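-16 is the number of the first residue of the sequence shown in my numbering; add one for each residue after it.
We put the CB at the ideal spot given by N, CA and C, even for glycine.
Quantities reported herein were computed from a predicted structural model and do not represent experimental measurements.
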Amino acid sequence: MPNILPIQRMRSIACIIVALSAMMMGEYSQQADQTQPREAVDSVRTVAPLFGPGTLTHFDDAESLNMAGEKLPAYIGEVSFSDENRELVVNIDLLKVLEFYLLGEQDRNRASDLGSLRIFLTDRLTAASVEKALRIATDYRSYVTQYNALLAAQNFDRRSHAMATPDVARIKAWMQLRKRLRQNMLGDEVTNAWYENGDAQLNHVLDELQEAGNTDSFDDANRRYMSRVLERATTGFADLPRRVPLQGQ
């Protein structure tokens, strides 16, 4: 009868070695996991929206620049461009928002692009209305470029145009060019909602200047008002101060 005792002992020793090896590998793996740096940001980033409850996720880097910590001016926080069903209402408040996001100061610490604007709109509008507003924003950005080019071709005298009555006819002709540009690029709905009141003010000033022939009959307050209206109508976007909303070009 063969002696199987050595074989059994060898098998027992082998089992002990395997068990010890498994324990050592487990301890090493745990230590290695503890020394690994944890990700600073989870795979799904969660950022609080600018307005309203809940959270927004899956932003790209450009969009996230416009989120936490950004200081919005008071007039942006108070705007209203939606109805009770969160559908878009094309009004002057929407223009304020587009001016803020697309035409802001060059030294501001925020992204001036459609990605940032989308985040702002998403918290206030339905998905379909967000897309409509972004289409308007894209058209508006193109309009700004065309506006500046068309205005430059008019060669208004920056030193004397404001109250120079001989320029009244030229400014009226410029108004007609500008209106056609707006209708072609923005459409009638946007043009009427954003610019109807401003055009009425400008027409009134031009009619008064044309009738008076000179500015002697106007007091200082009226002259300053007329000068501001005419300057806004004949100044490019890049040349206007950004301390207040443009709302008139």
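Residue i and residue j closer than 9 Å at C-beta
i	j	result
residue 130	residue 164	yes
residue 216	residue 154	yes
residue 211	residue 198	no
residue 111	residue 219	no
residue 172	residue 73	yes
residue 168	residue 125	yes
residue 174	residue 166	yes
residue 119	residue 83	no
Reduced DSSP category for residue i - H, G, I as helix; E, B as strand; rest coil
i	result
residue 71	strand
residue 65	strand
residue 122	helix
residue 211	helix
residue 203	helix
residue 101	helix
residue 15	With a pLDDT of only 47 at residue 15, under 50, the local geometry of the prediction cannot be trusted, and the value read off the model is given with reservation. Residue 15: helix per DSSP, three-state reduction.
residue 221	helix
residue 83	helix
residue 131	helix
residue 109	coil
residue 175	helix
residue 55	coil
residue 182	helix
residue 96	coil
Extent of the continuous alpha helix (DSSP H) run through residue i
i	result
residue 159	151 to 169
residue 217	It is not in any alpha helix (DSSP H) - residue 217 carries neither H nor E in the DSSP assignment.
residue 136	Note, residue 136: premise wrong, no alpha helix (DSSP H); not H, not E.
residue 196	Premise fails: residue 196 is in no alpha helix (DSSP H) and is neither H nor E.
Member of the options whose CA lies at the smallest distance from the CA of residue i
i	options	result
residue 63	55, 57, 77, 200	77
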